[in-house]
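Peer 1: Mind looking over this structure? Questions follow.
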Amino acid sequence: MALRSPWLIHAVEPGKQLSDTWRGSPYDLSVYGPNGFVRHFKGTSSASATALNIVSKYGTSGSGSITSKITNVTSAQLEVTVLDAYTGNSVTQALGPGETFANELSLEKFFGWYDLIVTVARHPSFNYRLAGHVETGSDSFSDPALGGLVSLQG
């Protein structure tokens, strides 16, 4: 079995941005940060490939929340599902070309921790994962999935 090595490794200062372009197909890329922050992108980059633009934003009042805005950037109708791996609950939305939907999730039950898996029907190689912890300024708890208090559904 061949070992896969990292494509690029970067460190980014707080308040700064980094962008790059991946031209390989298929792709399986991950981004890691502090406090359990993970973004995992898996799919193909062919002309007929699924492509979504996902922007997430934290709400820091109370126990925190995360809102994901998902835009279909292809020319085809897509059926997008967002699975909350902590609860097993999911939301499915049909998106036409250029359409966007927003999904807000309260994180009170899991102390600000989240693990969302975005998939597209009829495109089994496509899988985006957003995980981490929202800091609200209040005391925090360790990730309940690490201690076995939650069995992740993803």
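Residue numbers for the sequence shown, in this note's numbering: -8 to 145. Using N, Cα and C, we set each Cβ at its ideal position, and we do this for glycine too.
1. Taking the C-alpha atoms as reference points, what is the distance between residue 193 and residue 69?
2. Would you kindly report the start and end of the unbroken beta strand (DSSP E) that includes residue 18?
3. Can you tell me whether residue 9 is buried or exposed, with buried defined as 16 or more other CB within 10 angstroms of its CB?
4. At a threshold of 7 Å, does residue 16 count as lining the ligand GDP (C-beta to nearest heavy atom)?
5. How is residue 48 classed by DSSP in three states: helix, strand or coil?
6. Between the alpha carbons of residue -6 and residue 16, how many angstroms are there, rounded?
7. Taking just the CA atoms, how far does residue 85 sit from residue 67?
Peer 2: Reading it off the structure:
1. One cannot answer for residue 193 here, as it falls past the ends of the chain, which runs -8 to 145.
2. Judged by DSSP secondary structure, residue 18 falls within the beta strand (DSSP E) whose first and last residues are 18 to 23.
3. Exposed is the call here.
4. With respect to small molecules bound, the structure shown includes none, and the ligand GDP cannot be examined in it.
5. Residue state, collapsed to three classes: strand.
6. Residue placement at residue -6 is poorly supported in this model, since its pLDDT is 45, which falls under 50; the coordinates still yield a value, given next. One alpha carbon belongs to residue -6, the other to residue 16, and they sit about 17 Å apart.
7. Looking at the two C-alpha atoms, the distance is approximately 11 Å.
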